[in-house]
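Note sheet for the following structure.
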Amino acid sequence: MELRKTLALAGLLVVAQLQAGTPAPTTEAGKGKPTMSDHVEKSDDEWKKALTPDQYQVLRKKGTERAFTGEYWNNHEKGTYTCAGCGLELFVSDTKFDSGTGWPSFTAPALQDSVATKEDKGWFTTRTEVLCRRCSGHIGHVFPDGPAPTGLRYCINSVCLKFEKAK
Ligand code: FE
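For the numbering used here, count along the sequence shown from 1 and bump the result up by 86.
Set out below in structure tokens:
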């Protein structure tokens with residue numbers, strides 16, 4: 087029970103940090119691309135047609151890809167990561183770090199408003215779910231054990247992302 091309390095508190099801390107306006111890097115690369123103001127809504131059937139089965143399973147059914155199997159956990163190239171569901175820019179390579187988890191990990195979203203967070207209560211733990219702000223697709227979780235400058239670790243599924251190499 088104590089562990090559960092600690093984890094719940096850690097989750098609250100993340101939310102508090104996010105609400106307090108944790109500095110998020112901004113980028114010029116997102117200009118002219120879809121923004122979160124044009125929210126994307128599709129029926130379940132439309133999502134099934136628009137996504138690959140793996141993308142659908144994670145983005146729409148909150149699944150998790152197996153560690154070390156995704157396309158980007160070991161990607162060190164400079165560029166931007168957009169949402170595989172809607173094209174919104176979610177993360178930039180400047181905030182990516184090697185977490186050792188086998189999933190792409192970032193200290194912050196590309197913009198403060200790129201992602202939304204939501205409490206995700208499981209049987210033994212309460213985690214903070216991360217969603218694309220524009221299409222509400224599930225992309226991963228955020229944990230309060232990341233490196234400076236934010237102390238956050240956005241643990242994201244490769245399959246939800248599309249990498250665009252910097253020119
Ligand atoms: Fe999206």
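C-beta atoms are modelled at their ideal positions from N, C-alpha and C, and glycine is treated no differently.
As the structure is a computational prediction, the values presented were derived from the model and not from experiment.
Original post:
Any heavy atom of the ligand FE closer than 7 Å to the CB of GLY237?
Top reply: Position 151 of the sequence shown, counted from the first residue, corresponds to residue 237. GLY237: no, Cβ never under 7 Å from the ligand FE.
Original post:
What are the uninterrupted segments assigned as beta strand (DSSP E) that are 3 or more residues long and contained completely in the segment 132-198, given in chain order?
Top reply: 165-169 and 175-178
**OP:** Use the C-beta contact count for ASN243: other C-beta atoms within 10 angstroms, 16 or more gives buried, fewer gives exposed.
**Re:** By one-based count along the sequence shown, residue 243 stands at place 157. Counting Cβ neighbours within 10 Å, ASN243 comes out buried, since at least 16 surround it.
**OP:** Report yes if the C-beta of ARG220 is less than 7 Å from at least one heavy atom of the ligand FE; otherwise report no.
**Re:** The residue you call residue 220 lines up with position 134 of the sequence shown. Answer for ARG220: yes, Cβ within range of the ligand FE.
Original post:
Got a sec? Which residues, its chain only, sit under 7 Å from GLY186 by beta carbon, not counting five neighbours each side?
Top reply: Translated into the one-based positions of the sequence shown, residue 186 becomes position 100. Taken in chain order, the list of residues that qualify is empty.
Original post:
Thinking C-alpha only, which one of GLU132, LYS134 and GLU175 is nearest CYS218?
Top reply: If you number the sequence shown from 1, residue 218 lands on position 132. Taking only the C-alpha atoms, the option nearest CYS218 is GLU175.
**OP:** Could you please give the first and the last residue of the uninterrupted beta strand (DSSP E) stretch that includes LEU247?
**Re:** By 1-based counting over the sequence shown, the position of residue 247 is 161. Element bounds for LEU247: 247-251.
**OP:** Check whether the segment 189-208 touches the segment 226-239, counting contact only when three or more Cβ pairs, one atom from each stretch, lie closer than 8 Å.
**Re:** Remark: three or more beta-carbon pairs, one from each stretch, lie closer than 8 Å, so the segment 189-208 and the segment 226-239 are flagged as touching.
Subject >> Assigned secondary structure, ASP231 (DSSP; H/G/I helix, E/B strand, else coil) >> reply: One-based indexing of the sequence shown puts residue 231 at position 145. DSSP places ASP231 outside both helix and strand once states are collapsed to three, so it counts as coil.
Original post:
Cβ of LEU174 versus every heavy atom of the ligand FE: is any distance shorter than 7 Å?
Top reply: Position 88 of the sequence shown, counted from the first residue, corresponds to residue 174. Indeed, a heavy atom of the ligand FE lies less than 7 Å from the Cβ.
Original post:
Can you list, in chain order, the residues of its chain whose CB lies under 6 Å from that of CYS169, leaving out five sequence neighbours each side?
Top reply: Locating residue 169 in the sequence shown gives position 83, counting from the first residue. If we look at CYS169 and ignore the five residues flanking it on each side, its Cβ neighbours are LEU176 and CYS218.
Original post:
Quick one: Cα of LYS135 to Cα of GLN141, how far?
Top reply: The residue given as residue 135 occupies position 49 in the sequence shown. The residue given as residue 141 occupies position 55 in the sequence shown. Computed Cα separation, rounded: 11 Å.
**OP:** For TRP159, count neighbouring C-beta atoms within 10 Å of its own C-beta (all shown protein chains included) and say buried if the count is 16 or more, exposed if not.
**Re:** Here residue 159 corresponds to residue number 73 of the sequence shown, with the count starting at 1. Counting Cβ neighbours within 10 Å, TRP159 comes out buried, since at least 16 surround it.
Original post:
Where does SER124 sit, in a helix, a strand or coil, going by DSSP?
Top reply: Start at 1 with the first residue of the sequence shown, and residue 124 comes out as number 38. According to the sequence as given, residue 124 is Asp; it is not Ser. Coil, per DSSP.
Subject >> 8 Å contact criterion, which CYS246 and VAL126 should meet: CB distance rounded >> reply: In the sequence shown, residue 246 corresponds to position 160, counting from 1. In the sequence shown, residue 126 corresponds to position 40, counting from 1. With a Cβ gap of about 14 Å, CYS246 and VAL126 do not count as contacting.
Original post:
Taking the continuous beta strand (DSSP E) assigned at CYS218, which residues delimit it?
Top reply: Translated into positions along the sequence shown, residue 218 becomes position 132. It spans 212-218 - the beta strand (DSSP E) in which CYS218 sits, taken as one unbroken run.
Original post:
Grouping DSSP H, G and I as helix and E and B as strand, with all else coil, what is ARG239?
Top reply: Locating residue 239 in the sequence shown gives position 153, where the first residue counts as 1. Looking at ARG239 - three-state DSSP - the assignment turns out to be strand.
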